[in-house]
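Colleague:
2 protein chains.
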Amino acid sequence: MRNNNPLIVEVTRGDMVESRHRGHCVVADRTGASVHAWGDGDLMVYPRSAIKPLQALALIETGAAEACQLSATELALAAASHSATPDHVDAVSRWLERMGLSEFDLECAGHDPKCRDADKALIRARTAPGALYNNCSGKHAGFLATALHMGEPTKGYSGPGHPVQQRMLAILSAMGGVDLAATPRGVDGCGIPVIGMPLTAMARALARMADGKDLDATRAGACSRIIAAMTAHPNMVAGPGRFDTVTMRLGGGAFVVKAGAEGVYAGIVPGLGLGVALKIADGAKRAAEVAMAAVLEHLGVLDPMPETPVLNAAQAKVGVIRMASDWPG
Amino acid sequence: MRNNNPLIVEVTRGDMVESRHRGHCVVADRTGASVHAWGDGDLMVYPRSAIKPLQALALIETGAAEACQLSATELALAAASHSATPDHVDAVSRWLERMGLSEFDLECAGHDPKCRDADKALIRARTAPGALYNNCSGKHAGFLATALHMGEPTKGYSGPGHPVQQRMLAILSAMGGVDLAATPRGVDGCGIPVIGMPLTAMARALARMADGKDLDATRAGACSRIIAAMTAHPNMVAGPGRFDTVTMRLGGGAFVVKAGAEGVYAGIVPGLGLGVALKIADGAKRAAEVAMAAVLEHLGVLDPMPETPVLNAAQAKVGVIRMASDWPG
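Chains as they are written, first to last, in my numbering: chain Z, 1 to 329; chain B, 1 to 329.
1) Which residues does DSSP pair with leucine 195 (chain B) in a beta bridge?
2) Taking DSSP's pairing of strands, which residues face isoleucine 123 (chain Z) in a bridge?
3) Would you say isoleucine 123 (chain Z) lies against chain B (beta-carbon separation less than 9 Å)?
4) If the cut is a Cβ gap below 8 Å, which residues of chain Z does lysine 285 (chain B) touch?
5) Under 7 Å between beta-carbons, which chain B residues line up against arginine 13 (chain Z)? List them in chain order, please.
6) When you check each C-beta in the stretch 267-283 of chain B against every C-beta of chain Z, which residues fall closer than 9 Å?
7) Can you find a CB in chain Z that lies within less than 9 Å of the CB of asparagine 312 (chain B)?
8) Any idea if asparagine 5 (chain Z) is buried or exposed, counting beta-carbon neighbours within 10 angstroms, 16 or more meaning buried?
9) Count the C-beta pairs between the stretch 222-236 of chain B and the stretch 79-91 of chain B that are closer than 8 Å, then say yes if the count reaches three, no if not.
10) Per DSSP, what kind of secondary structure is arginine 219 (chain Z) in: helix, strand or coil?
11) Is the shortest distance between the beta-carbon of glutamate 18 (chain Z) and the beta-carbons of chain B less than 9 Å?
12) Show which residues of chain B have a CB atom less than 7 Å away from the CB atom of alanine 109 (chain Z).
13) What would DSSP say about methionine 16 (chain B), mapped onto helix, strand or coil?
14) Could you list which residues in chain Z have their beta carbon closer than 9 Å to that of cysteine 190 (chain B), in chain order?
15) Can you check the stretch 219-275 of chain B for any beta strand (DSSP E) of at least 3 residues that lies completely inside it and give the ranges in chain order?
16) Determine which residues share a DSSP beta bridge with alanine 277 (chain B) and list them.
17) If I'm right that proline 193 (chain Z) touches proline 160 (chain Z) with Cβ under 8 Å, what's the distance once you round it to whole angstroms?
18) Could you pull out every residue in the same chain whose Cβ sits closer than 8 Å to the Cβ of lysine 317 (chain Z), ignoring the five residues on either side in sequence?
19) Since tryptophan 327 (chain Z) contacts alanine 284 (chain Z) with CB under 8 Å, what's their CB separation in whole angstroms?
20) Measure the C-alpha to C-alpha separation of leucine 96 (chain B) and leucine 169 (chain B) and round it to an integer number of angstroms.
21) Is the beta carbon of alanine 313 (chain B) sitting closer than 9 Å to the one on glycine 191 (chain Z)?
22) Does DSSP put valine 164 (chain Z) in a helix, a strand or coil?
23) Which residue's Cα is closest to the Cα of threonine 85 (chain B): B:Ala121, B:Thr62, B:Ala56?
24) Please compile the residues from chain B whose C-beta is within a distance smaller than 7 Å of the C-beta of asparagine 235 (chain Z).
25) Using a Cβ cut-off of 9 Å (strictly closer), state whether histidine 24 (chain Z) contacts chain B.
26) Could you pull out every residue in the same chain whose Cβ sits closer than 7 Å to the Cβ of arginine 249 (chain B), ignoring the five residues on either side in sequence?
27) Relative to the C-alpha of alanine 291 (chain Z), which residue among Z:Phe243, Z:Gln315, Z:Leu272, Z:Leu274 is closest?
28) Does chain B have any CB closer than 9 Å to the CB of histidine 36 (chain Z)?
29) For methionine 44 (chain B), does the three-state DSSP call read helix, strand or coil?
30) Can you confirm whether glutamate 152 (chain Z), when its beta carbon is compared against all beta carbons of chain B, has any partner nearer than 9 Å?
31) In three-state DSSP terms, what is threonine 308 (chain Z)?
32) Please name the residue or residues paired with lysine 155 (chain B) in a DSSP beta bridge.
33) Excluding the 5 residues flanking valine 11 (chain Z) on each side, which residues of the same chain have their C-beta closer than 6 Å to its C-beta?
34) Using the Cα positions of proline 47 (chain Z) and valine 164 (chain B), report the straight-line distance between them to the nearest angstrom.
35) Answer yes or no: do aspartate 172 (chain B) and histidine 140 (chain B) have a C-beta to C-beta separation smaller than 9 Å?
36) Pull out every residue of the stretch 248-266 of chain Z whose Cβ sits closer than 8 Å to any Cβ of chain B, in chain order.
Shown next as structure tokens:
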């Protein structure tokens, strides 16, 4: 079903809708055919961290994962936007150490941990968060692993001309079935290039992870292995209480869901052979999560989630975040 | 000038616009005539904390400000969404003490301070933020001051039936020139009622603060005094580095600007006799600030502000937040 109307997420307070978010979403199969679409499927988006599952493929395809004897936990971290809990930080640290590298080889800068307890621990220790605490540190460890394994310089791996990033471009182009040579470029929060791609192409790339029939055996195997790692270790992909972790646990392996900044979301549904690409026009995370849950429910792979409350300072429920009444449009 | 198109705030990254926000805005005079309008002026909004300048009028009109010998600093705090710096917290604490009350009489719950240094200090002291740290604690101290002065119970002052909140409803109705008896209701972040009002009425209420010609002498005097307090003490109205504080300093008394949650903004421009009411449809603060600055620049009371950058974790500028190119529409 195709609908030119965007999907609408409402934020209510008491008697009325206080704020509204508009979203674009495409659910595609491996051929690129849209099974469902809302809003503008041709919208050019930066897929941001939502495509970390695709970015992690190079780790397996180059043989770096084998050479480095990466665990499923480490593969999940390579595709993660983690909360910087001690589990996350320690695992990335040990992985770097095993490669003879350290935090100082990571080209993502640090930022305050998404995990409030980790943030508090750093504040009490009067320590600034280093690059290990960046939610992308696992992805960057993966970049370093492939560069090392391929005999490429590790320094400069985050630049657009480095082979590491050229592999990312090649994977996105091939999986999305689209020429990305001349699409918009920018810099991500963690310093790597972002590559503009149409929402439909993003959905197709995710669908081909879900359904590898058209892929060569190496890539198909890499896709299955990343999906297996993420669904087996949802806590490594995000963190305690976060949407991706909570919903993947509920899904029990039926899907991968991965958030990106600025309201982007990716879904991979192997059982249906479908990919989901979603972008909230204004970039709001709160709306992207509610919309992604609604799409997964609509596809029949997630049971209805509890309503997302709006809480006040006293933690009283004063509203809800929900799909507008014309959903699924 | 009236324009049915909403105003659009763009968030760019590298070569393209990554996210877009839609805003509604009315600039009105004291008669309610729209001098400028973008989007839907009839939109029903909760004005949230943007109307704290209007809420503070009762403090003067009841005589509580005189009886309590309130300073201009305290009046500014009564109209503030403060950052909970030590200056803010200590001032509200001393004010309560002078009335024989304490933090435990405040009916707003605590929340983490907006000021990161204050947040860190509490974390290091392993202390949870009490109600004094709520950004609305000055407003609540004002509510308590009027209740005490009027001989009303202090307990329950945040409830919709209490005379304190009935005065708020009466002020909004009278200043907005609109019957608010049956408009939507909800509960604010700090526990008091929110009252739905059309954006045009909100703009008119603010315009009547800017231009008191139609008001009785008591109210006109109260309006002038609140405006004077806020423009003399912009640091008390918000806090270091925050938009309201920074722009009011730049304005040098030419305007009051006051943020509300969910992308609402109020402006009061005495020299032009105008009120500005603004609502970003999706509730985004980042867009509301850029749009409010643009409107103030358009009115000629604020010099062009530096571009608002989008920064990555390394603090590199990777984009900007700006008005769309068709502004001012």
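Glycine included, every Cβ here is placed at the ideal spot set by N, Cα and C.
Note that the structure is a prediction, hence the values are computed from the model and not measured.
Modeller: This is what the structure gives:
1) One point to set straight first is that residue 195 (chain B) is isoleucine, not leucine, in the sequence displayed. Answer is B:Arg185.
2) Isoleucine 123 (chain Z) pairs with nothing; no bridge assigned.
3) Interface residue, yes.
4) Simply none; closest approach about 11 Å.
5) Simply Tyr46, Gly186, Val194.
6) Lys279, Ile280, Ala281, Asp282, Gly283
7) yes
8) So asparagine 5 (chain Z) ends up on the exposed side.
9) These segments touch.
10) helix
11) Judged by the 9 Å Cβ criterion, glutamate 18 (chain Z) is in contact with chain B.
12) Within 7 Å Cβ-Cβ: Ala313, Ala314.
13) strand
14) Asn312, Ala313, Ala314
15) Qualifying beta strand (DSSP E) stretches, in chain order: 256-260, 264-269.
16) B:Val26, B:Ala266
17) 4 Å
18) When the five nearest sequence neighbours on each side are left out, the beta carbons in the same chain lying within less than 8 Å of the beta carbon of lysine 317 (chain Z) are those of Pro309, Val310, Leu311, in order along the chain.
19) Not quite, the Cβ-Cβ distance comes to about 17 Å (not below 8 Å), so this is no contact.
20) 24 Å
21) yes
22) If DSSP states are grouped into helix, strand and coil, valine 164 (chain Z) belongs with the helices.
23) B:Ala121
24) For asparagine 235 (chain Z), none of the residues of chain B pass the 7 Å Cβ criterion, the least Cβ distance being about 23 Å.
25) no
26) Non-local C-beta neighbours of arginine 249 (chain B) in its own chain, meaning closer than 7 Å and more than five positions away in sequence, comprise Pro234, ordered along the chain.
27) If we check each option's Cα against that of alanine 291 (chain Z), Z:Phe243 comes out closest.
28) No - not a single Cβ of chain B is within 9 Å of the one on histidine 36 (chain Z).
29) strand
30) Not closer than 9 Å to any Cβ of chain B, the Cβ of glutamate 152 (chain Z) fails to qualify, so no.
31) Three-state DSSP puts threonine 308 (chain Z) in a strand.
32) According to DSSP, which records beta bridges pairwise, lysine 155 (chain B) is partnered with nothing at all.
33) Glu18, Ser19, Ile321
34) 50 Å
35) Strictly speaking, residue 172 (chain B) in this sequence is leucine, with aspartate absent from that position. Cβ distance not < 9 Å, so leucine 172 (chain B) and histidine 140 (chain B) don't count as in contact.
36) Listed in sequence order: Glu262, Gly263.
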